[in-house]
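Undergrad:
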Amino acid sequence: MCRWLAYSGPPLVIEDLLFKPQNSLIRQSRAASRSIVPTNGDGFGLGWYGTSRRPGLFRDTLPAWNDSNLRSLSEQIASDLFFAHVRASTGSSTSRENCHPFRHGNLMFMHNGAIGGFHQVRRAIEQLIPASLYGERLGTTDSEAFFLLALGNGLVEDIEGALQRTIAQVLEVMDRAGVTEPFHMTAAIADGRALYALRYSNDSRSPSLYYATGSAVGIAEDALAFAPGSGAVLVLSEPLDDHEADWTEIPEASFVHAREGVVEIGGFGV
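Everything in the sequence shown is counted per my numbering, starting at 21 for the first residue and increasing by one.
(1) According to the Cβ coordinates, are Gly101 and Gly212 closer than 8 Å?
(2) Determine the burial state of Gln96: buried for a count of at least 16 other Cβ atoms within 10 Å of its Cβ, exposed for fewer.
(3) According to DSSP, which residues form a beta bridge with Asp80?
(4) Would the region 204-224 count as touching the region 22-41 if we require 3 or more Cβ pairs under 8 Å?
(5) Going by Cα to Cα distance, which pick from Leu37, Gln42, Pro31 and Val190 is closest to Asp262?
(6) Nearest-angstrom Cα distance between Asp162 and Asp178?
(7) Give the C-beta separation of Ala252 and Val237 to the nearest angstrom, bearing in mind that I take them to be a contact with Cβ-Cβ under 8 Å.
(8) Ordered along the chain, which non-local residues of its own chain (more than five positions away) have a Cβ less than 8 Å from that of Arg116?
(9) If you draw a straight line from the alpha carbon of Gly159 to that of Arg123, how long is it in whole angstroms?
(10) Short of 7 Å in beta carbon distance, which residues of its chain neighbour Ala170, apart from the five on each side in sequence? Order them along the chain.
(11) Measuring straight from C-alpha to C-alpha, what distance separates Val283 and Ser235?
(12) So what's Arg185 in DSSP terms, helix, strand or just coil?
(13) Pick out whichever of Gly155, Glu280 and Phe103 has its Cα sitting closest to the Cα of Leu38.
(14) Check the C-beta distance from Gln48 over to Glu258 and give it rounded, since I have them as a contact under 8 Å.
(15) Taking the alpha-carbon positions, what's the Ser53 to Glu180 distance?
(16) Counting only the same chain and skipping the five closest in sequence on each side, list residues whose C-beta sits under 6 Å from that of Asp223.
(17) Starting from Asp100, trace the alpha helix (DSSP H) in both directions and tell me its first and last residue.
(18) Using beta-carbon positions only, say whether Val176 and Ile135 come within less than 8 Å of one another.
(19) Whose C-beta lies closer than 6 Å to the C-beta of Ser274 among residues of the same chain, with five residues either side of it excluded?
(20) Relative to the C-alpha of Arg142, which candidate in Glu272, Val199 and Asp266 has its C-alpha closest?
(21) Just reading off the beta strand (DSSP E) that Ile285 is part of, what are its end residues?
(22) Starting from Thr268, follow its DSSP beta bridges and name the residues at the other end.
(23) Per DSSP, what are the beta-bridge partners of Phe209 in this structure?
(24) Among Ile145, Pro227 and Met128, which one has its Cα closest to the Cα of Gly137?
(25) Would you list the residues sitting across from Ser221 in a DSSP beta bridge?
(26) Pull up the distance between the alpha-carbon of Asp126 and that of Ser72, whole angstroms please.
(27) Do you know offhand how far Arg91's Cα is from Gly172's?
(28) Under 6 Å Cβ to Cβ from Glu272, same chain only, skipping five residues before and after it: list those, please.
(29) Report the rounded CA-to-CA distance for Glu241 versus Gly133, giving the unit in angstroms.
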């Protein structure tokens, strides 16, 4: 399983979340504490919105803790909406095309989890991707296949509805193939203005997911400091420090919508 974080709020230097906290995403790439897989060394990725409507991407196959370019770039990039992801492969190869986030137009997507029995159902799922989108299939992961299928199901216009339709399709394919492994997903999606997240599984054992809010986020003695108020939102696989009061676990089967610091969490069913 992977580890990821998504930030929305006043422009923030990416290094502040990636490297500085006591349980930073870089530390999680070596020793995640709330994952069944502690090491996430099969590549990493950054995605951020800057001066262009289309998000920028930087992805590579080195472990996140061992890439000096990542440190240098994260020191220089400030953004009001960005993603960071460290990857633990569930079976696909370690390649740049298989690293998250993925993008389409102004949309950005990243994922933690797995489509159960993907090796059994990969062909059937890929056949559901519209021909107009299949040319964007550059890697071999179930995550990218899910993203393209969701785009075909109207992700640009209706994010929650497209996720519901796509998961229903995937579960139907799994059922027809007799797959007994579960479907697990946490995912983040952004459109340049708002941040969306999902925690869902078909066995009520989804990967962990948390959020925190404040008017601004700072770093004090290796811990995050959330100023009172609203305006900044962090959604992530596990807390970046041990100040438990700052972090709220997102319930199983939940859909999150965050915009301008306001977080709405609702139930999610398929």
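For glycine and all other residues, C-beta sits at the position ideal for the given N, C-alpha and C. Just so we're clear, the structure is a prediction, and the values are computed from it rather than from any experiment.
TA: This is what the structure holds:
(1) For this step, residue 101 is matched to residue 81 along the sequence shown. For this step, residue 212 is matched to residue 192 along the sequence shown. At residue 101 the sequence reads Leu, which differs from the Gly that was named. Yes.
(2) Position 76 of the sequence shown, counting from 1, holds the residue named residue 96. It is exposed - the Cβ of Gln96 has fewer than 16 other Cβ atoms within 10 Å.
(3) On the sequence shown, residue 80 is found 60 positions in, with the first residue counted as 1. Answer is Phe64, bridged to Asp80.
(4) yes
(5) Counted from its first residue, the sequence shown places residue 262 at position 242. Residue Gln42 is the option with its Cα nearest to Asp262.
(6) Position 142 of the sequence shown holds residue 162. Position 158 of the sequence shown holds residue 178. Cα to Cα, Asp162 sits roughly 21 Å from Asp178.
(7) Here residue 252 refers to the residue found at position 232 when the sequence shown is read from its first residue. Here residue 237 refers to the residue found at position 217 when the sequence shown is read from its first residue. With a Cβ gap of about 5 Å, Ala252 and Val237 count as contacting.
(8) Residue 116 sits at position 96 when you count from the first residue of the sequence shown. The residues are Gly63, Arg79, Asp80 and Thr81.
(9) Counted from its first residue, the sequence shown places residue 159 at position 139. Counted from its first residue, the sequence shown places residue 123 at position 103. About 13 Å.
(10) Taking the first residue of the sequence shown as position 1, residue 170 is located at position 150. Answer for Ala170: Ala182, Leu183 and Thr186, listed in chain order.
(11) Working through the sequence shown from its first residue, we reach residue 283 at position 263. Working through the sequence shown from its first residue, we reach residue 235 at position 215. Spanning the two alpha carbons is a distance of roughly 13 Å.
(12) As a working note, residue 185 is residue 165 in the sequence shown. Note: Arg185 maps to helix in three-state DSSP.
(13) Here the question's residue 38 lines up with position 18 in the sequence shown. Here the closest residue by C-alpha is Phe103.
(14) Working through the sequence shown from its first residue, we reach residue 48 at position 28. Working through the sequence shown from its first residue, we reach residue 258 at position 238. About 7 Å separates the two Cβ atoms, so the contact holds.
(15) Position 33 of the sequence shown, counting from 1, holds the residue named residue 53. Position 160 of the sequence shown, counting from 1, holds the residue named residue 180. Unreliable positioning characterises Ser53 in this predicted model, as indicated by a pLDDT of 48, which lies under 50. The coordinate reading is nonetheless provided below. If I take the Cα positions, the gap works out to 29 Å.
(16) The residue given as residue 223 occupies position 203 in the sequence shown. Answer for Asp223: Pro202, listed in chain order.
(17) For this step, residue 100 is matched to residue 80 along the sequence shown. That residue, Asp100, is in no alpha helix (DSSP H); its beta strand (DSSP E) goes Ala98 to Val106.
(18) On the sequence shown, position 156 is the one that residue 176 refers to. On the sequence shown, position 115 is the one that residue 135 refers to. Result no, Cβ atoms of Val176 and Ile135 do not sit closer than 8 Å.
(19) Reading the sequence shown from its first residue, position 254 is the one you call residue 274. Answer for Ser274: Arg219, Ile285 and Phe288, listed in chain order.
(20) Counted from its first residue, the sequence shown places residue 142 at position 122. Of the candidates Glu272, Val199 and Asp266, the one whose C-alpha sits nearest the C-alpha of Arg142 is Val199.
(21) The residue you call residue 285 lines up with position 265 of the sequence shown. Residues Val282 to Gly287.
(22) Within the sequence shown, numbered from 1, the residue matching residue 268 stands at position 248. Per DSSP, Tyr231.
(23) For the purposes of this step, residue 209 is taken as the residue at position 189 of the sequence shown. Just to set this straight, residue 209 is Ile in the shown sequence, not Phe. For Ile209, which the question treats as bridged, DSSP gives the partners Phe129 and Tyr216.
(24) Here residue 137 corresponds to residue number 117 of the sequence shown, with the count starting at 1. The option with the nearest alpha carbon to Gly137 is Ile145.
(25) Residue 221 sits at position 201 when you count from the first residue of the sequence shown. In the DSSP output, where bridge partners are listed per residue, Ser221 has His204.
(26) Taking the sequence shown and counting its residues from 1, one reaches residue 126 at position 106. Taking the sequence shown and counting its residues from 1, one reaches residue 72 at position 52. Just to set this straight, residue 126 is Asn in the shown sequence, not Asp. The alpha-carbon atoms of Asn126 and Ser72 are separated by roughly 9 Å.
(27) Position 71 of the sequence shown, counted from the start, is the residue given in the question as residue 91. Position 152 of the sequence shown, counted from the start, is the residue given in the question as residue 172. Going from the Cα of Arg91 to the Cα of Gly172 covers about 36 Å.
(28) Within the sequence shown, residue 272 is the residue found at index 252, counting from 1. Exclusion of the five residues before and after Glu272 leaves Ser224 and Ser226 as the residues of its chain whose Cβ lies within less than 6 Å of its Cβ.
(29) Taking the first residue of the sequence shown as position 1, residue 241 is located at position 221. Taking the first residue of the sequence shown as position 1, residue 133 is located at position 113. Whole-angstrom Cα-Cα distance: 32 Å.
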